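Heads up: the protein sequence lines correspond to chains F and Y, in order.
At position 341 of the first sequence (counting the first as 1) the number is 388 in our numbering, and the numbers step up by one without a gap.
At position 125 of the second sequence (counting the first as 1) the number is 155 in our numbering, and the numbers step up by one without a gap.
Single-structure report; data block below.
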Amino acid sequence: MNHRFPASISMLAAVTAVVLLVATPVFGQASSSAPKAAPAAKKWTAKTPDGQPDLQGFWTNSTYTPLQRPNGVTKELYTAEEAAQIEKQAAERESEQTTPGTIADVHYDFTQFGLDRNQSTHASNMRTSLIVDPPDGKLPPVTPEGQKRQADRAAERRRMGATTDAVQNMPVGTRCIIMAGSGPPMMPAGYNSNYQIVQAPGYVMILTEMIHDVRIVPLDGRPQLPQNVRQWIGSSRGRWEGNTLVVETTNFNGKNPFQNASDDIRVTERFTRVDANTIDYRFTVEDEKTWARPWTAVLPIKKSVGPIFEHACHEGNYGVRNTLAGARAEEKRAAEAAAKNGSK
Amino acid sequence: MRNRFRNSIIAMAALTAGLLLAVLSAAGQTPAYRAPRTADGKPNLNGIWQALNEANWDIEAHAAGFGRVVALGAEDAVPPGLGIVEGGPIPYLPAAAAKKKENFEKRLTLDPEIKCYLPGVPRAMYMPQPFQIVQSAKHIMMVFQYAGAVRTIYMDEHKEAPADSWMGWSNGHWEGETLVVDTTGFNDQTWFDRAGNFHSDALHVIERFTAASRDHINYEATIEDPQVFSRPWKISMPLYRRQEKNAQIMEFKCVEFVEELIYGHLRKQPSK
């Protein structure tokens, strides 16, 4: 008897679901089988159920395209043949990066663990550089203040000693605090350049696979965090301009300076879904204390296959422990050898 | 013609909803509160939430107690609480009860929270910091301020946990007003609280989230782990909506704060 009610409820629910499905326009069907139409051919207008342009899903910005245009290259775009050739060479370099049988090979054989970009979805790009403005594809000249800051930071790093002296001397990525993918701006990482976007009314959530960094961007026009509240990922506020999500970020804590910028750096990102499989992502960086002019980069974000697994980086950080322990062991051995020699 | 089709659909939907309500009342399951709906018709659990209790110190009923660090005085003392465990003490197996006691004695060095490790489930739900629910039809995200922990609740494409992890693998579904989340695939590294209550990698957590008003969710979880407990047991507590107009999840990247604790002994010593 008890079981009858749930059965009839679920049947009713099923009927309702079917009816609703028929009545609801087909929104958000961002399946990978959708045609890869050229961006200009048909404007992508899919909306979430509450009417936001739909950016949801699993994505990657993995790319072989460098931030700055390589020296000697003068054009903005490669031909299809050139681009294919460059990708092929880069893929070969990646798979040959270590010598079989060496320690480095065991630790860094990206191909064995499927971490090389060539083995997973990546966002192919005809561009010779991610930077599109300045038109030469290079970062603008650094101001004298910016140069001094860069020199001061380098001097401070030397003063602190070798990276193997203390954990605080190591790069923040090694320490599992933050990596390039989180940004903002969201830059491709060496591997696992994967993201998940989920939208709810008033918010866009961006999960970065590396270090499970999450940015929840409010869209309600609230002010940035107070000036004195600084964060590794800054303070992000967003708004829709037509189909484009515009996110402005300030309030960085200066401990992971993007391209050696100052704490006053402001990053404006624009996310525009252009087809089922692509978000056009561009960002502009403003920091008068570092560059005399703003600069802008463009990189496609491509649909990828989920799900994203937990990247418990800090919890499994044997790298830091072993590096420090190894350095101390070597020092001890050297000291013992010196003492032995001295006593002879 | 179109309009007529739409009208008949609306009429059918209304009829079905009516029938559904009738059936529910007949079964004596009329929910006390009906949550506002998302655009796709599900109870809307979006918001910034936080538990308001002392469970993170000890999920069982406990009197106030000494802290762990003398220098921290009253700041580190344990605030008293009536606990969140339903129906008496946690049913530990004998060997597990001994391990719990040992965990408690060594909590200053063993509690994973001290090392800024991911909190696991259910502990993430009652850490004394807020979390945000970002709800879509396919994925319900729970984003925790503490350690930037995150849970993805898969509402479709359910699958077995592909590997063990700190926060587990969560499959969710709706039962009327209630979000039911079934989580497995845990490792054995997380605790339930600072008092050393623990589990093994056989942990299985079934949670139920039911909106009880605009501003609170009734949360309950059934805990199963045959390697540690003699029977399943339950916890329950309200989760409250953070009311501040400017409420937001802020950054608590605690790795930096624990590096000296974890790696300080491996720091290079000045040469003599």
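Glycine residues also receive a C-beta, built at the ideal position from the N, C-alpha and C atoms.
Computed from a predicted structure; not experimentally measured.
Residues are counted here when their Cβ sits less than 9 Å from a Cβ of chain F; for the stretch 178-197 of chain Y these are G178, A179, V180, T182, Y184, E187, K189, P192, A193, S195, W196 and M197, given in chain order. Your pair F:T343 and F:S240 does not check out as a contact, with CB atoms roughly 20 Å apart and the cut at 8 Å.
Among the CB atoms of chain Y, none fall inside 9 Å of the CB of F:G301. Burial of F:S229 is indicated by the presence of at least 16 other C-beta atoms within 10 angstroms of its C-beta. In its chain, beyond the 5 residues on either side, L102, T291, L292, I326 and Y328 have a beta carbon closer than 7 Å to the beta carbon of F:F318. Chain-ordered listing is empty here: chain F has no CB closer than 7 Å to the CB of Y:L102, the nearest sitting near 24 Å. Y:L138: member of the alpha helix (DSSP H) spanning R137 to L140, first to last residue. Taking a C-beta cut-off of 8 Å against chain F, the contacting residues of the stretch 66-82 of chain Y are T68, A69, D70, G71 and N76, listed in chain order. For Y:L209, the enclosing beta strand (DSSP E) covers residues T208 to T214. For Y:I279, the nearest beta carbon of chain F is closer than 9 Å to its own beta carbon. Of the residues Y:V108, Y:I253, Y:A91 and Y:F216, the one whose Cα lies closest to the Cα of Y:V99 is Y:V108. Closer than 9 Å at the C-beta level to chain Y, one finds these residues of the stretch 240-254 of chain F: Q243, V245, Q246, A247, P248, G249, Y250, V251, M252 and L254.
Secondary structure at F:P265: strand, using DSSP grouped into helix, strand and coil. Interface with chain F (9 Å Cβ-Cβ cutoff): Y:H169 is included.
Along the length of the stretch 180-218 of chain F, whole alpha helix (DSSP H) runs at least 4 residues long occupy 191-207, reported in chain order. If only complete runs of 3 or more residues are kept, the stretch 248-292 of chain F shows the beta strand (DSSP E) at 250-255, 260-265 and 282-288, in order along the chain.
For the stretch 279-312 of chain F, the beta-carbon criterion of a distance under 8 Å to any beta-carbon of chain Y is satisfied by W279 and I280. Secondary structure at Y:F96: coil, using DSSP grouped into helix, strand and coil. At a C-beta separation below 7 Å, F:Q215 has these neighbours in chain Y: E289.
Between the stretch 289-308 of chain F and the stretch 209-224 of chain Y, the count of C-beta pairs closer than 8 Å stays below three; the two stretches do not touch. Looking at the DSSP output, Y:M280 sits in no beta bridge, so it has no partner there. Distance from the CA atom of Y:V180 to the CA atom of F:T255, rounded to whole angstroms, is 11 Å. From the listed residues Y:M185, Y:V210 and Y:E90, the smallest Cα separation to Y:R153 is found for Y:E90. The beta carbon of F:G98 falls within 9 Å of a beta carbon belonging to chain Y, placing the residue at that interface.
In the DSSP assignment, F:L346 forms a beta bridge with F:Y328. For Y:Q162, a Cβ of chain F is located within less than 9 Å of the residue's own Cβ. Judged by their CB atoms, F:D212 and F:R116 are not nearer to each other than the 9 Å cut-off. DSSP places Y:L291 in the uninterrupted alpha helix (DSSP H) bounded by V285 to Y293. When Y:W196, Y:A225, Y:Q257 and Y:F239 are compared, the shortest CA-CA separation from F:G363 is found for Y:W196. In the structure shown, Y:M172 adopts extended strand secondary structure according to DSSP, grouped into three states.
Residues W199, T214 and G215 of the same chain have their beta carbon placed closer than 8 Å to that of Y:E190, with the five preceding and five following residues left out of the count. Using a Cβ-Cβ distance cut-off of 8 Å, the stretch 172-190 of chain F and the stretch 116-134 of chain F are in contact, since at least three pairs of beta carbons, one from each stretch, lie closer than that value. Chain-order list of chain F residues neighbouring Y:R244: empty, with the shortest C-beta distance near 15 Å, by a criterion of under 8 Å. Cβ neighbours of Y:V115 within its own chain (closer than 7 Å, five residues either side excluded): I89, E90, W263 and I265. As a beta-bridge residue in DSSP terms, Y:H246 pairs with Y:S243 and Y:Y270. F:H169 has its alpha-carbon roughly 53 Å from the corresponding atom of Y:G117.
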